[in-house]
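Position in the sequence shown counted from 1, then plus 102, gives you our numbering.
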Amino acid sequence: MIREYFEQLGPTRTLVLMTLAATIGVAPIIYIGLRITGLTVISSYFLIPIFATFIVLPIATYPLINLLFKTFSQERTNYHLATHDQLTNLMTRSAFISSADSYLNLAQRKKSPFAIAFLDVDNFKQVNDKLGHARGDVLLREIGQVLNTIRRKSDMVGRYGGDEFVILLPETDLTGAESFTDKIHQAVRKIALTDQGSINLSVSIGVITRRRDNQYMTLEGLIDQADQALYMAKSDGRARTAFYVRKAVAADFKQKGPNQHCPSNSAKIA
């Protein structure tokens, strides 16, 4: 926490703060020493140390402070490179799983609501075949930018592999997840024009929310249920969101197309 505070201040303000603190700390010590020796406060014996602290200290310590902040910056860069996908700038699969596992352990103890969304790009192989892999990578990067823009600060977004993405939405119920996925559909549809003509880009999304029967499931199990909902969205025509509602004799789904604003219809698969 102390390190984060100084990182927010930056090297210059940190140096000023340290100099003021050192000067204020030195002054009473020098004053007491002068009183003990019987010298007057206005003596140069008092002013010289104050001057030295206020002037010499910044000159002597600034290179060290600057080096320290460069080290902090390099550490942040290295950490980001290790935990984020270079193409999409989203969390890597392993980084997402680690962070999401930690959150789920806390959410299970507090019985907090959450949602997990699993999505992939519709017909991405055909997109690659039509536009080429380089343009396909650009589209994945743009989808990553969309997800980074839409997400809240507390949301965790990762590239699960290929054209698959996974999102953990803390403190989010089914209605909140529905609103979030609608924003994704709307934003992705705007990624339509390319230098090689237009394409109809869309994504399918499967969502699982916290319920009584899954509140103690592992992250892997929850993602698997979200993946099942994704499969249902694909089977029902793509470009939509399917919600995994509960697990009974059959898996129940609540489906919602991106342009539908009426109550969602439901379907079941055996």
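All residues carry an ideal CB built from backbone N, CA and C; glycine is no exception.
Query raised in the report: Whose C-beta lies closer than 6 angstroms to the C-beta of Val-223 among residues of the same chain, with five residues either side of it excluded?
Result: The residues Asp-265 and Val-305, in chain order, have a CB closer than 6 angstroms to that of Val-223 in the same chain once the five nearest residues on each side in sequence are set aside.
Query raised in the report: What are the residues that DSSP puts in a beta bridge with Phe-267?
Result: Secondary-structure assignment with DSSP links Phe-267 through a beta bridge to Leu-221 and Arg-261.
Query - Under the three-state DSSP convention, the category Ala-350 falls into - result: Reliability of the predicted coordinates at Ala-350 is poor, the pLDDT of 41 falling under 50, and the value obtained from them is presented with this limitation in mind. If DSSP states are grouped into helix, strand and coil, Ala-350 belongs with coil.
**Report entry** Residue span of the beta strand (DSSP E) that contains Gly-394, given as start and end
**Finding:** Coverage of the chain is limited to positions 103 through 372, which leaves residue 394 absent and any answer about it impossible.
Query - Neighbourhood of Thr-283 by C-beta distance below 7 angstroms, restricted to the same chain and skipping five residues each side - result: Taken in chain order, the residues that qualify are Ala-219, Ile-307, Val-309 and Thr-343.
Requested in this report: State yes or no: is the C-beta of Val-248 within less than 8 angstroms of the C-beta of Ala-279?
Outcome: Not closer than 8 angstroms, so no.
Query - For Ser-193, the three-state DSSP class (helix, strand or coil) - result: Just to set this straight, residue 193 is Met in the shown sequence, not Ser. In this structure, DSSP gives Met-193 an extended state, which the three-state scheme calls strand.
Query - Helix, strand or coil at Pro-272 according to DSSP, with G and I counted as helix - result: DSSP places Pro-272 in strand when its eight states are reduced to three.
Query raised in the report: Which of helix, strand or coil does DSSP assign to Thr-320?
Result: Collapsing the DSSP output to three states places Thr-320 in coil.
Query raised in the report: Going straight from the alpha carbon of Asp-231 to that of Thr-277, what length do you get?
Result: Annotation: Asp-231 to Thr-277 spans about 37 angstroms, alpha carbon to alpha carbon.
Requested in this report: Determine the extent of the alpha helix (DSSP H) in which Ala-236 is found, giving its start and end residues.
Outcome: Boundaries of the alpha helix (DSSP H) around Ala-236: 235-252.
Query raised in the report: Hey, is the region 236-255 in contact with the region 202-211, meaning 3+ C-beta pairs nearer than 8 angstroms?
Result: Because the criterion of three Cβ pairs below 8 angstroms is not met, the region 236-255 and the region 202-211 do not touch.
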